[in-house]
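So for the sequence shown, my numbering puts the first residue at 2; every next one is plus one.
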Amino acid sequence: GSSIIGVLFVFLCVNGHFVGQDYITERVAHFLGIDLAELDPDGTGEEGGMFRFDVFGAALPTLFGVWWDPWNIDAYLVRERAHVYSMELRDPQACKHCEKIHVQYELMMTATGRTVSAAVQIVPYGAVVAKACEYLNDPPLIYIGTKMSCMRVRKLELTHTKGTKNVLMWSLLFIASILAYSIEYAVPFLKRVTSVMMLVYLFMGTFTLTERNLVDQGTYVILSGFTLSFVKAALEKL
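Put into structure tokens, the structure is as follows:
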């Protein structure tokens with residue numbers, strides 16, 4: 002009976018039913034010397050609620066790296082937490098894209114994905130699902146919505162090279178356009194492909210290695226993992 006209650010409680014926690022509640026965040030906020038009262042979605046004090054009924058199953062899309070405005074974005078208060086953390090941690094920097102003050106939404110999703118991945122390990126074979134959740138949220142695989150504009154693909158303005166008679170200037174503008182498009186479109190795509198490939202090789206190393214193929218296939222899996230890790234780290238710096 003107690004085990005069932007424990008699993009049910011974890012299920013409610015991991016799906017966002019207690020996220021932002023003041024009676025939970027109050028002690029943490031006091032310890033850190035910050036104010037998290039603004040996170041409570043249904044108000045603070047006696048007038049506020051103790052349980053959120055407007056969310057359900059928010060961990061499901063999160064496990065696959067999918068983020069949707071009316072589902073897990075709202076359930077985990079991604080936008081609200083990003084703003085409050087930025088202000089309370091004394092780092093009120095305006096976003097270069099949306100010009101709003103917030104911690105990078107991508108980092109909030111990654112951190113939330115890791116929290117969910119830790120929670121699902123209590124179920125049978127949960128470690129496998131947890132690793133998938135961790136890699137598919139670093140960075141988040143897909144964002145669906147309009148509330149976080151800086152997470153959406155932006156349309157770049159074309160650099161006007163027509164009519165430029167100076168060959169050197171034309172060449173520089175053309176190279177600048179290629180680099181801009183690469184950073185805006187290619188790099189985010191490659192980051193996600195690399196994370197998925199790392200997950201694939203992780204599973205290969207876990208489930209396909211045997212005593213017979215350990216030397217050959219094991220070497221291949223390890224070298225591929227190191228290569229993908231290097232590529233991902235390099236992409237993070239772009």
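Ideal Cβ positions, reconstructed from N, Cα and C, are used throughout, including at glycine.
Per DSSP, reduced to three states, the secondary structure at A112 is helical. Contact holds between the region 142-153 and the region 61-74, because three or more Cβ pairs, one in each stretch, are under 8 Å apart.
Judged by their CB atoms, V188 and L239 are nearer to each other than the 9 Å cut-off. Within the same chain, Cβ atoms closer than 7 Å to the Cβ of G58 are found at N16, the five residues on either side in sequence being excluded.
In this structure, W69 is the residue among P42, F12, W69 with its C-alpha nearest to the C-alpha of R153.
Assignment of I123 by DSSP, reduced to helix, strand and coil, places it in the helix class. G21 and L33 do not touch by the CB rule: their CB atoms are close to 15 Å apart, not below 8 Å. The Cβ neighbour count for P141, taken over all protein chains shown within 10 Å, is at least 16; the residue is labelled buried. The beta carbon of R82 sits closer than 7 Å to the beta carbons of L40, M109 from its chain, once the five residues preceding and following it are set aside; these are given in chain order. Note on the region 2-36: whole alpha helix (DSSP H) runs with a minimum of 4 residues are 3-15, 23-33, in chain order. Y136 is positioned such that its CB atom lies closer than 9 Å to that of L203. Residue state for P141 is assigned as strand, using DSSP reduced to three classes.
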